[in-house]
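With the numbering used here, letter number 225 in the sequence shown gets 253, and the count goes up by one each step, no holes. All C-beta atoms in this analysis are idealised placements derived from N, C-alpha and C, irrespective of residue type, glycine included. Since we're looking at a predicted model, the values are computed, not measured.
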Amino acid sequence: MKKQYFQRVHEQTATRFWINNVTRAQASQAISAGAIGCTQNPSYVWKMMNDAEEKAYVDELLSPILATESDDNMALVILQRELIGNVAKIFKPLYDASHGKNGFVSIQGDPFQEDAESILEFARFNRQAGENIMVKIPVVESGLQAIEALIKEYIPINATECMALQQVIDVCEVYEKTTRNMVNPAPLYYSVITGIFDEYLQTAVEKDKIDISPDVLWQAGIAVAKKAYEIVKAKKYDCHFIGGGARGLHHFTEMVGGDCAITINWIGTADKLLEADYPVVSRFLSPTPTAVIDELIVKLPDFRKAYFMGGLAPEEYESYGPVVLFRSQFESAWEKALTEIRSRRP
């Protein structure tokens with residue numbers, strides 16, 4: 029009997045399938061299909077509030093929270109932790125069986141409060157949801173400060189919102205420096221958000237009427253991800269790659285072959301890949317053609333900033349266009365969830 033796509037990916041390559049923003053049922057389905065990790069983001073609660081299968085469950089969790097927590101935003105933070113903590117329980121057997129290597133579930137704090145101290149407070153609070161909880165921290169200047177502190181506390185980290193090569197290098201340098209004299213430090217994964225990066229560039233091309241080949245543009249996010257992966261491997265940083273923010277099936281298939289994880293949504297991506305059942309072809313280690321890189325560099329200033337070391341400084345990360353786009357999506361969903369919580373008050 030022929031094995032499913034993700035099972036064959038795991039057998040034939042070092043690439044690992046993770047799942048993103050799932051319901052409890054989807055978490056179990058994904059594990060059956062081969063998922064060994066899970067990422068959730070600040071849009072998760074709003075998504076669950078609108079999910080036909082999870083809406084009543086969300087209401088069930090929210091009612092006692094509202095009875096004891098007067099602050100609406102804190103009620104949302106608590107609700108998110110409970111929802112994701114219960115997903116973490118589904119992945120816990122993978123964590124136990126692998127002795128803490130697999131089965132992590134990521135959780136991020138309030139996207140409106142991203143000063144270093146707030147990031148630390150949310151991370152420590154969320155970490156209490158389970159042994160296999162991995163705290164998700166944006167790689168901006170304040171996030172790098174928080175990451176250094178959390179490494180010292182032996183807390184597993186998903187360093188997210190990496191759109192540019194320099195962000196990846198900076199967070200890996202922080203990890204290497206901080207863990208130098210530590211014994212068995214917790215792992216750090218860095219998430220390169222290729223799909224959102226591509227989405228941002230596509231919008232810029234349309235808005236500014238930039239004459240660029242669609243075939244070239246299609247490769248932009250993957251090209252940055254490949255370079256980041258190659259440099260991290262060359263420098264022997266003990267940090268792990270996650271491909272995230274998928275906006276097309278190619279954001280999974282083009283990364284197959286790397287020693288990495290790729291996180292994707294169940295509906296619209298994982299289910300489509302299972303249905304398509306593509307041949308497993310290792311592509312991630314193949315270099316991006318020089319002509320493609322040249323055209324991207326010449327025509328897209330934001331690609332240049334992402335592709336070259338030193339293209340951005342840490343103080344610029346938070347205001348970098350693709351990062352702003354990604355964060356704005358979280359902020360929008362967080363605000364909608366907050367509005368819904370407010371509406372439940374007497």
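- Non-local beta-carbon contacts of E323 in its own chain, meaning distances under 6 Å to residues more than five positions away in sequence, involve V244 in chain order.
- CA-to-CA, the gap between G223 and T297 works out to about 12 Å.
- Proximity to N154 across N114, A63, G131, N130 peaks at N114, based on C-alpha coordinates.
- Annotation: the continuous beta strand (DSSP E) that includes A289 extends over 288–293.
- Counting C-beta pairs closer than 8 Å gives three or more between the stretch 262–271 and the stretch 283–290, which meets the contact rule.
- When DSSP states are grouped into helix, strand and coil, N48 belongs to the strand group.
- Where T297 is concerned, there is no enclosing beta strand (DSSP E), because DSSP gives it neither an H nor an E.
- Apart from sequence neighbours up to five positions away, the residues of its chain that approach Q54 with a beta-carbon distance below 8 Å are I47, W294, I295, ordered along the chain.
- S219 is bridged by DSSP to I270.
- Taken through DSSP and simplified to helix, strand or coil, N186 comes out as strand.
- Pairing V233 with Y218 gives a Cβ-Cβ distance that is not under 9 Å.
- Nearest C-alpha to K164 among E282, I112, L193: I112.
- Sequence-distant partners of R370 (beyond 5 residues in either direction) whose C-beta falls short of 7 Å from its own C-beta, in its chain, are D100.
- Boundaries of the alpha helix (DSSP H) harbouring Q40: 33–40, taken from the DSSP string.
- Distance from the CA atom of H38 to the CA atom of L89, rounded to whole angstroms, is 36 Å.
- Contact annotation: Y348 and E169 have beta-carbon atoms that are not nearer than 9 Å.
- Just measuring C-alpha positions, the residue of H127, D143, D266, C190 sitting nearest E159 is H127.
- Leaving aside the five residues that flank E282 on each side, the residues in its chain whose CB is nearer than 7 Å to its CB run, in chain order, I250, R311, F312.
- I147 sits away from V196, with the two beta carbons spaced by 9 Å or more.
- Distance from the CA of F280 to the CA of P317, rounded to the nearest whole angstrom, comes to 19 Å.
- Counting only the Cα atoms, Q32 lies some 37 Å from V105.
- The alpha carbon of I183 has as its nearest neighbour, out of V167, L193, A95, Y203, the alpha carbon of Y203.
- Nearest to A341 by alpha-carbon distance, out of I64, L172, I135, K75, is L172.
- Restricting attention to P307, K180, E303, the CA atom closest to the CA of V211 is found in K180.
- Just so you know, the alpha carbons of A365 and T188 end up roughly 22 Å apart.
- With 16 or more other Cβ atoms from the protein chains shown falling within 10 Å of its own Cβ, T41 counts as buried.
- If the five residues before and after W362 are omitted, its C-beta is found closer than 6 Å to the C-beta atoms of P70, P139, all from its own chain and listed in chain order.
- Approximately 5 Å separates the beta-carbon atoms of N186 and M162; this is inside 8 Å, confirming the contact.
- Around the beta carbon of G65, a 10 Å sphere encloses 16 or more other beta carbons of the protein chains shown; the residue is thus reported as buried.
- If you ignore the 5 residues before and after Q57, its C-beta comes within less than 7 Å of the C-beta of W294, all in its own chain and listed in chain order.
- In this structure, K75 places its C-beta atom within 9 Å of the C-beta atom of N49.
- Residues G271, F280, M283 of the same chain have their beta carbon placed closer than 6 Å to that of I290, with the five preceding and five following residues left out of the count.
- Within the stretch 288–370, the complete alpha helix (DSSP H) runs of at least 4 residues fall at 299–304, 318–327, 329–335, 342–345.
- If you draw a straight line from the Cα of K300 to the Cα of S98, it comes to about 43 Å.
- For V252, no pairing in a beta bridge is given by DSSP.
- Rounded to the nearest angstrom, the Cβ distance from R332 to G339 is 6 Å, consistent with a contact under 8 Å.
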